[in-house]
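460 is the number that the numbering used here gives to position 227 of the sequence shown; each next residue is one higher, with no gaps. Glycine is no exception: its CB is placed at the ideal position from the N, C-alpha and C atoms. Heads up: the structure comes next, in structure tokens.
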Amino acid sequence: MLIATPAAALGFWRYEKTFSRRGGVPLVSIDLVRMPGLMSGLAGVLFFYVVSAFFLVFSVYLQSALGLDPLATGLVFLPFGVGFFIGPLTTPLAIRLFGNWVPAIGMLLEVAGCLYLAALVAGAPAQMPAEFPLIVAVGLLGFGQGWALPTLVRSVIDRAPVSGSGMIAGITNSALQISAALGVAVIGGVFFSVAGTSPSARSMAKGLIAAMLCIGASLTVAAILSVVASRSGVGVAARPAPN
């Protein structure tokens, strides 16, 4: 199905153009999609949400390599939830300080969390990392996600006129879902390929490190694309919600 996706997308695009020329109301407006910065923003969304693969590969590592039970594994993810809760609460202040850079900064915080976690696992591949550094690494991922997700989505939707905001919101949501699915498939594939068919704790640690580096690379690309979109001069990235 993935192989057929480009051809299917091209066919859909041509159909929408033809339908629009005949006076119909297309599902995806050609004029809106051509707005400056919009495609860069949507591409950033596609690269951004691959972070969803983190929950798969890290939970498999914790349970299969380190022997944690489901409850203990869930508690390891708790700092992510705390960071994701605190992040949006501090977004208004971040917007005042950094403006359109907030989505990119949030993603770079996630990159820092990915690299820190990879370093912790590399230092003790068959052991549980020290508690405080692990909390910092996972918390950085959650906090960065709390900054990046709402501001990135809004920066994309804000580029459309009011009449087209619903369509762009739908496309953005679809891009998030596609990104999550591709992230699990591709990065999960990297993790299990590196871990091998008969994985040990050390080989699974190598798989996790490879997966975290891939997630970090994808988030870096997403951050760059969000900056490119914000420099288009159309829309206001990371614009705070009105009171």
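Asked, Found
"Buried/exposed call for I236, threshold 16 Cβ in 10 Å", "exposed"
"7 Å Cβ shell around C413 - same chain, five flanking residues per side excluded", "First, the residue type needs correcting, since residue 413 is Ala and not Cys in the sequence shown. Correct list, in chain order: Y282 and S285."
"At least three beta-carbon pairs within less than 8 Å, the segment 369-388 to the segment 316-325", "yes"
"Between the CA atoms of S463 and A474 - distance to the nearest angstrom", "Low per-residue confidence applies at A474: pLDDT is 41, beneath 50, and the placement is therefore not dependable enough to give any value."
"Within 8 Å, strictly: CB atoms of A370 and Y349", "yes"
"Given A443 as reference, the closest of G332, S426 and Q360 once Cα atoms are compared", "S426"
"4-residue-minimum alpha helix (DSSP H) runs that sit fully inside the segment 376-463, ordered along the chain", "398-428 and 434-463"
"Residues near G346 by beta carbon distance below 6 Å, same chain, minus five either side", "A370, L373 and L374"
"Residue span of the alpha helix (DSSP H) that contains W246, given as start and end", "T238 to R254"
"Boundaries of the alpha helix (DSSP H) in which Y214 is found, first to last residue", "Only positions 234 to 476 of the chain appear in this structure, which leaves residue 214 out of reach."
"For L353 and R392, the rounded distance between their alpha carbons", "40 Å"
"8 Å contact criterion, which T405 and V389 should meet: CB distance rounded", "5 Å"
"For S433 and G300, the rounded distance between their alpha carbons", "12 Å"
"Residues near F288 in its chain [Cβ-Cβ closer than 8 Å; skip 5 each side]", "F310"
"Residue interval of the alpha helix (DSSP H) (run including F288)", "A286 to V293"
"Cβ neighbours of M437 in the same chain (closer than 7 Å, five flanking residues each side left out)", "Y294, S297, A298 and A428"
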